[in-house]
Amino acid sequence: MRRWGIRKKVLVVTLIPTLLTTLMLGMFFTYSWVTNIENLLRDRGESLSRQLSAASEYGLFTANRSLLSSLSNALLEEQDVRSITFFDGSGSRLLHTGPGSSDTLGVGSLPADEATRINQHTSTRFVTPVFMQDLMIENMLDPDARQTMEQQRKPLGWVAVEMSHIRTEKETYKALLISLLLILAGVIISLMIALRLSRAFTDPVFELNGAVAKLKEGKLDTRVHTGAGPEFEQLESGLNAMASELSKAQAEMQQNIDQATEDLRETLETIEIQNIELDFARKEALEASRIKSEFLANMSHEIRTPLNGIIGFTELLLKSPLPRQQRDHLSTIRKSSEILLTIINDILDFSKIEAGKLILDRVPFQLRDVVEEVMVMLAPAAHSKNLDLVPLVYNDVPDNIMGDPLRVKQVITNLVNNAIKFTQTGEVVLRASLEEEDTENNRVTLRLSITDSGVGLSRAQQQSLFNAFSQADASTARQYGGTGLGLAISKRLVEEMGGKIGLESELGKGSTFWFTLTSELSASGETVAPKDALRGERVLYLEQQKTTGLAVEHMLRDWGMTVDRVNSPATMQEQIEEAQKSQAGYALAIIGITRHLLSSNQYCNLLRALEIERDCRTLILTPTLETHDTPLSGLASGHLTKPICRDALYDELLLLIHGINAGGRVLPEATTPLNTLPAGAVPRVLAVDDNEANLKLVMTLLRDHQIDAEGAASGFEALSKARQKPFDLVFMDLQMPGMDGVETTARLREMDSSGHRTPIIALTAHALADEQDRLIQQGFDGYMAKPISSTQLSETIRDYTGYICDPRDGSREAPLPEIRDTRRALRPSTRKMQQDCVSVEESIQLAAGKADLAEELFSMLLEQMHGDMPQVEAYWLSGDMDNLLECVHKLHGATRYCGVPELRLAANRLETALKCAAPDIEHQKNQLLSAMERLQIWSEQTDWQQLFREHHPQTETS
Numbered sequence: 038m039r040r041w042g043i044r045k046k047v048l049v050v051t052l053i054p055t056l057l058t059t060l061m062l063g064m065f066f067t068y069s070w071v072t073n074i075e076n077l078l079r080d081r082g083e084s085l086s087r088q089l090s091a092a093s094e095y096g097l098f099t100a101n102r103s104l105l106s107s108l109s110n111a112l113l114e115e116q117d118v119r120s121i122t123f124f125d126g127s128g129s130r131l132l133h134t135g136p137g138s139s140d141t142l143g144v145g146s147l148p149a150d151e152a153t154r155i156n157q158h159t160s161t162r163f164v165t166p167v168f169m170q171d172l173m174i175e176n177m178l179d180p181d182a183r184q185t186m187e188q189q190r191k192p193l194g195w196v197a198v199e200m201s202h203i204r205t206e207k208e209t210y211k212a213l214l215i216s217l218l219l220i221l222a223g224v225i226i227s228l229m230i231a232l233r234l235s236r237a238f239t240d241p242v243f244e245l246n247g248a249v250a251k252l253k254e255g256k257l258d259t260r261v262h263t264g265a266g267p268e269f270e271q272l273e274s275g276l277n278a279m280a281s282e283l284s285k286a287q288a289e290m291q292q293n294i295d296q297a298t299e300d301l302r303e304t305l306e307t308i309e310i311q312n313i314e315l316d317f318a319r320k321e322a323l324e325a326s327r328i329k330s331e332f333l334a335n336m337s338h339e340i341r342t343p344l345n346g347i348i349g350f351t352e353l354l355l356k357s358p359l360p361r362q363q364r365d366h367l368s369t370i371r372k373s374s375e376i377l378l379t380i381i382n383d384i385l386d387f388s389k390i391e392a393g394k395l396i397l398d399r400v401p402f403q404l405r406d407v408v409e410e411v412m413v414m415l416a417p418a419a420h421s422k423n424l425d426l427v428p429l430v431y432n433d434v435p436d437n438i439m440g441d442p443l444r445v446k447q448v449i450t451n452l453v454n455n456a457i458k459f460t461q462t463g464e465v466v467l468r469a470s471l472e473e474e475d476t477e478n479n480r481v482t483l484r485l486s487i488t489d490s491g492v493g494l495s496r497a498q499q500q501s502l503f504n505a506f507s508q509a510d511a512s513t514a515r516q517y518g519g520t521g522l523g524l525a526i527s528k529r530l531v532e533e534m535g536g537k538i539g540l541e542s543e544l545g546k547g548s549t550f551w552f553t554l555t556s557e558l559s560a561s562g563e564t565v566a567p568k569d570a571l572r573g574e575r576v577l578y579l580e581q582q583k584t585t586g587l588a589v590e591h592m593l594r595d596w597g598m599t600v601d602r603v604n605s606p607a608t609m610q611e612q613i614e615e616a617q618k619s620q621a622g623y624a625l626a627i628i629g630i631t632r633h634l635l636s637s638n639q640y641c642n643l644l645r646a647l648e649i650e651r652d653c654r655t656l657i658l659t660p661t662l663e664t665h666d667t668p669l670s671g672l673a674s675g676h677l678t679k680p681i682c683r684d685a686l687y688d689e690l691l692l693l694i695h696g697i698n699a700g701g702r703v704l705p706e707a708t709t710p711l712n713t714l715p716a717g718a719v720p721r722v723l724a725v726d727d728n729e730a731n732l733k734l735v736m737t738l739l740r741d742h743q744i745d746a747e748g749a750a751s752g753f754e755a756l757s758k759a760r761q762k763p764f765d766l767v768f769m770d771l772q773m774p775g776m777d778g779v780e781t782t783a784r785l786r787e788m789d790s791s792g793h794r795t796p797i798i799a800l801t802a803h804a805l806a807d808e809q810d811r812l813i814q815q816g817f818d819g820y821m822a823k824p825i826s827s828t829q830l831s832e833t834i835r836d837y838t839g840y841i842c843d844p845r846d847g848s849r850e851a852p853l854p855e856i857r858d859t860r861r862a863l864r865p866s867t868r869k870m871q872q873d874c875v876s877v878e879e880s881i882q883l884a885a886g887k888a889d890l891a892e893e894l895f896s897m898l899l900e901q902m903h904g905d906m907p908q909v910e911a912y913w914l915s916g917d918m919d920n921l922l923e924c925v926h927k928l929h930g931a932t933r934y935c936g937v938p939e940l941r942l943a944a945n946r947l948e949t950a951l952k953c954a955a956p957d958i959e960h961q962k963n964q965l966l967s968a969m970e971r972l973q974i975w976s977e978q979t980d981w982q983q984l985f986r987e988h989h990p991q992t993e994t995s
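Rendered as structure tokens:
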């Protein structure tokens with residue numbers, strides 16, 4: 038109704054109440070009229086039927102048909118009477134007068150004592166019983182007799198008067214027609230009044246609308262006069278006043294437009310001149326940007342070139358024997374150079390991003406490997422500050438994804454390095470979780486967060502933290518160093534990879550930096566074999582660092598192992614003893630040690646007790662150390678550094694629990710060499726660089742690899758030497774005076790024959806443009822960025838010539854990485870309770886209480902056992918059971934005079950098994966060798982002479 042017009046609203050307001058009132062009144066009066074007509078017909082019918090009943094009493098009693106016929110004929114003359122029927126006392130029709138039915142009414146349908154009415158479609162029949170009147174005086178005066186007579190009398194018959202509905206229906210139709218006409222007349226009158234009133238409202242409104250439309254068209258001389266009343270007069274005067282004001286405003290506006298047009302014409306001329314000037318300025322800015330890019334590239338070369346010499350020669354000096362003070366100075370030089378190189382890389386990366394020249398790779402990579410590489414690389418910096426550095430990659434995170442692993446590694450490195458830099462105590466935790474998975478498109482969204490317990494950031498610092506050259510405060514750069522570009526570069530890299538980056542921090546409570554990585558799953562990822570070889574094994578774990586303990590425990594449980602945690606060394610020792618007593622010892626004891634506990638006597642005693650007394654293998658987890666030669670590493674069977682990598686931990690557990698050496702002694706796959714040298718041949722290498730220091734460094738590194746190398750200080754000298762003899766590999770500097778590296782390479786390519794192509798590797802410090810693709814198009818085969826490391830150089834030589842060398846001794850066989858450094862073969866932990874390895878008290882008792890004799894006998898047993906161990910193994914391998922029995926018999930005899938319960942029992946069981954040809958001879962042999970080995974280790978790690986000599990005073994006193 039809000040959108041209805043005034044006319045429609047007036048019509049509705051006028052018509053609806055009138056129509057409703059008229060309808061209700063018409064229906065009321067029509068209903069009353071029709072009801073009165075029906076009641077009148079009913080009353081007349083009942084009256085006529087009673088009159089006829091009284092008049093026909095004698096006729097029915099005497100069955101006088103003529104009398105009844107005269108009565109019915111007289112009554113038929115009454116209006117609406119259609120027919121009259123008389124019934125006798127049995128219900129049979131006696132006489133029927135008038136048209137209509139000849140049916141008889143059954144006795145059951147005739148009323149016994151009162152009149153009734155039978156409705157039919159076109160008529161109504163009134164049936165009344167006829168009774169005999171008792172006129173005897175004695176009966177009338179006797180009430181009892183009269184009541185008895187009334188109860189016993191029966192009707193003489195019945196009279197039925199049928200009344201027609203024809204006149205009644207006509208009157209009903211007449212009443213309905215009159216009511217309808219009255220209603221229509223009322224509605225028409227109301228409609229005419231409503232239309233008249235609506236026109237009185239709408240005509241002035243339409244006239245006002247027309248005037249407004251003319252004003253809208255610009256006809257400001259329009260005026261309106263409706264004469265419709267005081268309300269419309271106020272509206273008219275307001276509209277006319279508005280039109281007058283608009284007319285004046287239009288005149289003023291036209292004057293202002295003319296003035297503004299003139300001013301705009303002058304302004305356009307000025308803007309045209311400025312556009313010409315801006316065009317010149319834009320060309321100058323583009324030229325300045327190009328010059329800046331070239332300047333950055335040249336600066337990269339100019340700074341990296343001396344850095345290459347500084348870092349390279351510093352590493353060479355560090356490999357030589359030097360006094361400690363000079364070694365510290367060189368380490369400081371190397372660290373400072375690496376910091377300077379990091380700053381240069383940040384500035385160049387930022388320039389790449391700003392210039393829009395950053396191109397991301399899209400290759401399959403393993404996220405867990407990237408995370409572990411970053412953590413291992415940054416672990417020394419964290420552990421030097423006693424920080425707990427922990428990676429937590431949840432199980433639902435897919436490993437094989439598509440993306441740029443180098444840039445992902447760069448972002449993680451920046452964030453973790455920042456967390457370490459601004460955290461003095463506590464921990465730095467990297468968490469990788471699955472945020473969203475789209476199975477239809479084979480895409481996942483990962484969330485990586487780095488949480489620290491450092492200084493935290495205020496809200497004001499958080500707002501500008503991701504801006505370029507921005508740090509938390511002015512003192513940050515002075516205290517912690519850096520350019521303030523790390524987070525800005527990380528933000529741009531994450532956005533380029535389609536993710537988001539942010540942080541959550543509170544001042545004084547640490548920070549959490551996070552970023553998301555949306556990537557497709559790699560369909561070509563290698564299927565990882567399930568790590569279920571350790572399922573069901575029980576290990577005991579002692580860890581002081583809570584988060585590291587949680588990460589290691591989750592890894593162990595993920596492999597199906599049962600992990601029991603303890604809080605102290607004493608509890609660990611007690612729990613292992615109790616487990617062995619119940620014949621269900623642990624397969625391994627894992628001990629996490631913090632930096633300040635590396636020289637702890639308590640932990641040394643724990644390892645000695647577990648390894649020697651309990652024969653339980655131990656694995657220690659320590660922070661990153663400058664050297665592995667610690668007292669604890671010599672006592673434990675295994676040693677890993679934190680943060681713990683999954684594959685390294687799994688391989689170490691396989692070795693310690695099952696004796697399976699799963700270490701990677703297979704060399705990594707290398708690219709197929711372009712020119713495979715004959716066996717025994719040493720490649721001839723040409724190094725070209727105009728910088729004397731860089732050329733000297735490359736030559737020194739090549740000669741350290743025992744390679745026949747020659748140097749050239751210019752492109753012309755390189756061409757001269759290449760014409761004299763062919764080279765198997767060329768390292769070419771790009772920027773050289775006269776003939777640069779690109780032109781020299783083109784000349785060298787002209788000298789290649791159809792069957793030989795000399796690999797040429799570019800040496801450049803440029804890091805701004807797409808170097809690799811451009812250099813390959815210019816004839817280069819590879820790319821090496823300065824500064825050059827010895828490892829990078831050796832890998833390049835191997836990839837392009839097939840020559841593999843060791844820079845330490847010149848051997849061309851690849852050195853196999855050492856899996857571990859242990860003095861003895863590993864065997865599984867003893868799961869059952871066993872006797873003591875050595876009992877000094879028992880030895881003295883067996884020597885008649887003489888400690889010096891007991892010491893001598895124990896020394897003789899150790900010498901005998903030293904020769905018996907290889908003999909037992911040799912006799913067993915050759916199958917010489919007789920000599921084996923003789924050897925074991927002698928050993929058994931020697932143990933009878935020394936307090937070595939375990940070795941004595943093992944020798945006795947093996948001797949008995951050999952004599953009886955028992956089926957478990959091999960098991961008993963292994964038990965004997967284990968007991969001998971434990972005794973030997975105990976003697977090496979224990980000052981047993983002092984133990985025997987401590988009993989000398991007691992012996993003398995006794």
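Quick note: the sequence shown uses our numbering, first residue 38, plus one each step. A virtual CB, placed ideally from N, CA and C, is assigned to each residue, including glycine.
| Query | Result |
| --- | --- |
| Hey, would you say glycine 346 sits closer than 8 Å to leucine 734, going by beta carbons? | yes |
| Please classify valine 400 as buried or exposed, where buried requires at least 16 neighbouring CB atoms within 10 angstroms. | exposed |
| To which residues does DSSP link serine 201 through a beta bridge? | Ser160 |
| Buried or exposed for glutamate 580, please, with buried defined as at least 16 other CB atoms from any protein chain shown within 10 angstroms of its CB. | buried |
| Within its chain, find whatever has a CB closer than 8 Å to the CB of glutamine 296; leave out the 5 residues flanking it on each side and keep chain order. | none |
| Count the C-beta pairs between the stretch 753-762 and the stretch 812-829 that are closer than 8 Å, then say yes if the count reaches three, no if not. | no |
| How is proline 54 classed by DSSP in three states: helix, strand or coil? | helix |
| Among Glu557, Leu367 and Arg811, which has the Cα closest to the Cα of glycine 536? | Glu557 |
| Buried or exposed for lysine 45, going by 16 or more other Cβ atoms inside 10 Å? | exposed |
| Would you kindly work out how many angstroms separate the C-alpha atoms of proline 854 and tryptophan 551, rounded to a whole number? | Residue placement at proline 854 is flagged as unreliable, the pLDDT there being 36, under the threshold of 50; a coordinate-derived value is accordingly withheld. |
| Between the C-alpha atoms of threonine 67 and threonine 58, what's the straight-line distance to the nearest angstrom? | 14 Å |
| Inspect the beta-carbon positions of leucine 928 and aspartate 905 and report whether they are closer than 8 Å. | yes |
| Report the rounded CA-to-CA distance for leucine 530 versus leucine 540, giving the unit in angstroms. | 16 Å |
| Figure out for me which residue from Ser160, Leu105, Ser84 and Leu301 has the closest Cα to the Cα of histidine 133. | Leu105 |
| With a threshold of 16 other CB atoms inside 10 Å of the CB of arginine 327, please say whether the residue is buried or exposed. | exposed |
| Considering only C-alpha positions, which residue in the set Leu922, Thr553 and Ala212 is nearest to glutamate 472? | Thr553 |
| Starting from asparagine 963 and walking both ways along the alpha helix (DSSP H), at which residues does that stretch end? | 958-978 |
| With distances taken from CA atoms, which of Ser470, Val411 and Lys458 is nearest isoleucine 449? | Val411 |
| Specify, as a first and last residue, the run of the beta strand (DSSP E) that histidine 591 falls within. | Element bounds for histidine 591: not the beta strand (DSSP E) but the alpha helix (DSSP H), 583-595. |
| Taking 8 Å as the threshold, find out whether the stretch 612-627 comes into contact with the stretch 640-652 through three or more Cβ pairs. | yes |
| Between which residues of its own chain and threonine 737 is the CB-CB distance below 7 Å, once the five residues before and five after are set aside? | Leu353 |
| Let me make sure I understand the geometry here. Which of Val466, Gly194 and Asp150 has the alpha-carbon closest to that of threonine 122? | Gly194 |
| Beta-carbon within less than 7 Å of valine 242's beta-carbon, same chain only, minus the 5 sequence neighbours each way: which residues are those? | Ile43 |
| What first and last residue would you give for the alpha helix (DSSP H) that runs through isoleucine 628? | Taken as a continuous stretch (DSSP letters only), isoleucine 628 belongs to no alpha helix (DSSP H), being part of the beta strand (DSSP E) at 625-629. |
| Can you name the residues that DSSP bridges to aspartate 818? | Partner(s): none; aspartate 818 has no beta bridge. |
| Measuring straight from C-alpha to C-alpha, what distance separates methionine 918 and valine 875? | 28 Å |
| Does the beta-carbon of isoleucine 697 have 16 or more other beta-carbons within 10 angstroms, so that it is buried, or is it exposed? | exposed |
| Taking the alpha helix (DSSP H) that glycine 904 belongs to, which residues open and close that run? | 888-915 |
| By DSSP, does phenylalanine 768 sit in helix, in strand, or in coil? | strand |
| Can you name the start and end residues of the alpha helix (DSSP H) that glycine 930 belongs to? | 918-932 |
| Can you give the Cα-Cα distance for valine 909 and serine 374, rounded to whole angstroms? | 59 Å |
| Could you spell out where the beta strand (DSSP E) holding tyrosine 997 opens and where it closes? | Only positions 38 to 995 of the chain appear in the structure, and residue 997 is not among them; the question remains open. |
| Which whole-angstrom value describes the C-beta separation of valine 725 and alanine 755, a residue pair presumed to lie in contact below a C-beta threshold of 8 Å? | 4 Å |
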